[in-house]
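Protein sequence lines correspond, in order, to chains A and B.
Residue numbering for the first sequence follows the working numbering, starting at 1 and increasing by one per position.
Residue numbering for the second sequence follows the working numbering, starting at 163 and increasing by one per position.
All C-beta atoms, glycine included, are put in the ideal place defined by N, C-alpha and C.
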Amino acid sequence: MKRRLWLIPAALLAVFLDAFILPFLSQNGIRPLFTLSLALAATAVTKVQDGLLIAFFGGLLTDLFCNPYLGLSAAAYLVAVAIMYGFVRKAEKGRALVILFAAVASLAAEALIFIFSLAIGARFDAMRLLKTTLPSLVLESLAVFPLCALFRSREKGNSFFK
Amino acid sequence: MRKLWKNRPMWIALIAIVLLIVLAAFTANGRNDAAGDGLFRNAAAPVSGFLHTVQQEVGGFFVRVFAPSALQEENERLRETVLEQQMKLALLDETEKENARLSELLNFAQANPNMRFVTASVIGRDSNPYIDTITLNAGSRSGVTEKMAVITADGVVGRVSEVGPNWCRVKTMCDEKMRISVMVQRTRDEGMLGGLYEEGGEILGTLLYYLPGKADVRVGDVIRTSGIGGFFPKGLYVGTVIAVNDGGKGTHDAIVSMDIDFLHLEDALIVVGVDEAIG
Numbered sequence: 001m002k003r004r005l006w007l008i009p010a011a012l013l014a015v016f017l018d019a020f021i022l023p024f025l026s027q028n029g030i031r032p033l034f035t036l037s038l039a040l041a042a043t044a045v046t047k048v049q050d051g052l053l054i055a056f057f058g059g060l061l062t063d064l065f066c067n068p069y070l071g072l073s074a075a076a077y078l079v080a081v082a083i084m085y086g087f088v089r090k091a092e093k094g095r096a097l098v099i100l101f102a103a104v105a106s107l108a109a110e111a112l113i114f115i116f117s118l119a120i121g122a123r124f125d126a127m128r129l130l131k132t133t134l135p136s137l138v139l140e141s142l143a144v145f146p147l148c149a150l151f152r153s154r155e156k157g158n159s160f161f162k
Numbered sequence: 163m164r165k166l167w168k169n170r171p172m173w174i175a176l177i178a179i180v181l182l183i184v185l186a187a188f189t190a191n192g193r194n195d196a197a198g199d200g201l202f203r204n205a206a207a208p209v210s211g212f213l214h215t216v217q218q219e220v221g222g223f224f225v226r227v228f229a230p231s232a233l234q235e236e237n238e239r240l241r242e243t244v245l246e247q248q249m250k251l252a253l254l255d256e257t258e259k260e261n262a263r264l265s266e267l268l269n270f271a272q273a274n275p276n277m278r279f280v281t282a283s284v285i286g287r288d289s290n291p292y293i294d295t296i297t298l299n300a301g302s303r304s305g306v307t308e309k310m311a312v313i314t315a316d317g318v319v320g321r322v323s324e325v326g327p328n329w330c331r332v333k334t335m336c337d338e339k340m341r342i343s344v345m346v347q348r349t350r351d352e353g354m355l356g357g358l359y360e361e362g363g364e365i366l367g368t369l370l371y372y373l374p375g376k377a378d379v380r381v382g383d384v385i386r387t388s389g390i391g392g393f394f395p396k397g398l399y400v401g402t403v404i405a406v407n408d409g410g411k412g413t414h415d416a417i418v419s420m421d422i423d424f425l426h427l428e429d430a431l432i433v434v435g436v437d438e439a440i441g
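Structure follows, in structure tokens:
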């Protein structure tokens with residue numbers, strides 16, 4: 001319980017960055033999702049429940065503040081956390097692999113958002129995918145590593161990120 | 163993999179994902195079509211608006227605090243845009259005015275098909291407050307020669323006194339030594355127009371003299387060129403009589419007010435030829 005308490009302000013900070021700061025500072029639409037990075041890092045370092053909670057509530061809050069479709073980010077983050085969990089469970093140790101796992105998990109989240117957008121009639125824009133989505137995804141994945149290191153300094157939970 | 167599916171958090175996550183996607187789809191419909199006319203959209207609208215405002219305000223505050231340079235840059239860019247637009251507006255205004263002036267000259271030229279004109283713009287003015295000489299941007303290359311008449315739709319401007327390849331100097335009606343032969347349109351009485359009439363330092367008009375003693379000149383009479391002397395084509399508008407002075411020695415004098423604003427004259431027509439057959 002004590003562990004989750006310090007995750008709450010961290011998650012709120014991530015939502016705050018995603019909803020309030022990054023939309024104004026992003027360059028050419030490139031904008032990493034810190035809430036997702038945090039959820040993935042929590043999954044890799046602490047317990048999957050932490051990652052799921054951050055993904056669910058963080059995603060919902062982000063949607064509430066700055067996304068047109070309520071629940072889409074939360075669903076995408078949950079998918080990413082589930083995939084990250086699948087990787088983490090199989091790999092015994094993977095300090096370097098965490099970025100790769102995070103990239104695949106983020107890609108899955110983006111894929112869900114992308115498919116949903118197409119389903120509701122959005123136009124397929126390959127250039128946007130290459131110029132904004134993929135760079136954002138790379139940044140998200142890279143952000144997972146320092147977050148994991150930060151979590152690791154506080155937690156002794158999951159043995160994956162050692 | 164089996165362990166994964168037995169994992170309760172994963173099942174909960176899966177259900178949550180499905181429910182959240184349904185919720186997202188529901189809000190998408192709520193935004194796009196009539197299905198959204200329901201309770202949810204109406205209830206969510208003010209909340210959504212409030213949250214959006216909060217997001218804009220809070221985000222804007224932090225950007226102002228932590229990234230003032232971005233705001234300064236934007237401010238600078240906007241300022242440049244405003245300046246650019248102002249310049250374009252001024253240019254457009256100037257173009258409109260020029261268009262109006264040239265249209266007026268064109269109308270005048272079309273109303274006088276017996277005359278051939280060269281349109282010219284004023285490129286120089288005497289510093290003399292009476293503006294007795296102006297310089298136009300047309301010269302010998304355009305067929306301009308000395309003593310040609312220079313006019314506008316508002317009347318006679320003056321006469322070309324000096325010609326260069328691409329410029330000419332015009333002695334205006336304000337010049338003390340300028341004289342042209344004119345006639346009263348109504349009575350056909352002829353006289354000589356020239357020299358300024360001042361009263362209390364204020365120029366009231368030009369003097370019309372050498373009118374016959376029996377001439378019936380009245381205030382309001384229109385004065386036109388008589389064609390005598392050959393420099394000015396006959397019938398060009400000059401001005402209107404504003405005062406008559408009976409000299410008592412068989413002649414009349416009158417003061418003629420001209421409509422041309424010599425201080426703000428910008429374009430003029432140089433009469434380069436007159437087709438007498440038509441005229």
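- The DSSP-derived three-state label of residue 331 of chain B is strand.
- Chain A places a beta carbon closer than 8 Å to that of residue 185 of chain B, counting this residue as a contact.
- If you draw a straight line from the Cα of residue 47 of chain A to the Cα of residue 121 of chain A, it comes to about 37 Å.
- In the DSSP assignment, residue 62 of chain A falls outside any beta strand (DSSP E) and within the unbroken alpha helix (DSSP H) covering 59-66.
- Taking 9 Å as the Cβ-Cβ cut-off, the stretch 286-313 of chain B has no residue approaching chain A.
- Exclusion of the five residues before and after residue 333 of chain B leaves 294, 295, 320, 321, 323 and 340 as the residues of its chain whose Cβ lies within less than 7 Å of its Cβ.
- Measuring C-alpha to C-alpha distances from residue 282 of chain B to each of B/275, B/268 and B/180 identifies B/268 as the nearest.
- When Cβ-Cβ separations below 8 Å define contact, residue 327 of chain B makes no contact with chain A.
- At a cut-off of 8 Å between beta-carbon atoms, residue 100 of chain A makes no contact with chain B.
- In the structure shown, residue 189 of chain B adopts helical secondary structure according to DSSP, grouped into three states.
- In the displayed model, residue 343 of chain B falls within a strand according to three-state DSSP.
- DSSP, read as helix, strand or coil, puts residue 368 of chain B in strand.
- Annotated three-state conformation of residue 407 of chain B is strand, per DSSP.
- Under the three-state reduction of DSSP, residue 388 of chain B is assigned to coil, being neither helix nor strand.
- If you look at residue 84 of chain A, you'll find it in the alpha helix (DSSP H) that goes 72-90.
- Ranked by Cα distance from residue 343 of chain B, the first of B/234, B/390 and B/395 is B/390.
- Cβ-Cβ distances below 8 Å link residue 354 of chain B to 341, 342, 343, 344, 370, 371 and 372 in the same chain, with the five nearest sequence neighbours on each side left out; the list follows chain order.
- Counting only the Cα atoms, residue 326 of chain B lies some 10 Å from residue 304 of chain B.
- Taking a cut-off of 8 Å for Cβ pairs, the stretch 107-115 of chain A and the stretch 1-21 of chain A do not touch, as fewer than three such pairs fall below it.
- Residue 417 of chain B is a Cβ neighbour of residue 405 of chain B, given a cutoff of 8 Å.
- When B/329, B/239, B/315 and B/250 are compared, the shortest CA-CA separation from residue 274 of chain B is found for B/315.
- The CB of residue 240 of chain B never comes closer than 7 Å to any CB in chain A; the least such distance is about 16 Å.
- The C-alpha of residue 11 of chain A lies about 10 Å from the C-alpha of residue 53 of chain A.
- In this structure, residue 335 of chain B and residue 318 of chain B form a Cβ contact; the two beta carbons are roughly 6 Å apart against a cut-off of 8 Å.
- For residue 106 of chain A, the closest of A/19, A/88 and A/134 by C-alpha to C-alpha distance is A/134.
- Counting every other CB atom within 10 Å of its CB across the protein chains shown gives residue 151 of chain A a total of 16 or more, marking it as buried.
- The beta-carbon of residue 189 of chain B is placed less than 8 Å from the nearest beta-carbon of chain A.
- Residue burial is scored here from C-beta neighbours: residue 237 of chain B has fewer than 16 other C-beta atoms within 10 angstroms and is therefore classed as exposed.
- Counting only the Cα atoms, residue 277 of chain B lies some 22 Å from residue 297 of chain B.
- Looking at the backbone, the Cα of residue 34 of chain A and that of residue 234 of chain B are separated by about 27 Å.
- According to the DSSP assignment, residue 140 of chain A belongs to the alpha helix (DSSP H) that extends over 134-154.
- Between residue 52 of chain A and chain B, the shortest Cβ-Cβ separation is below 8 Å.
- Residues 73, 74 and 77 of the same chain have their beta carbon placed closer than 6 Å to that of residue 59 of chain A, with the five preceding and five following residues left out of the count.
- By the Cβ neighbour-count rule, residue 67 of chain A is buried, with 16 or more other Cβ atoms within 10 Å of its own.
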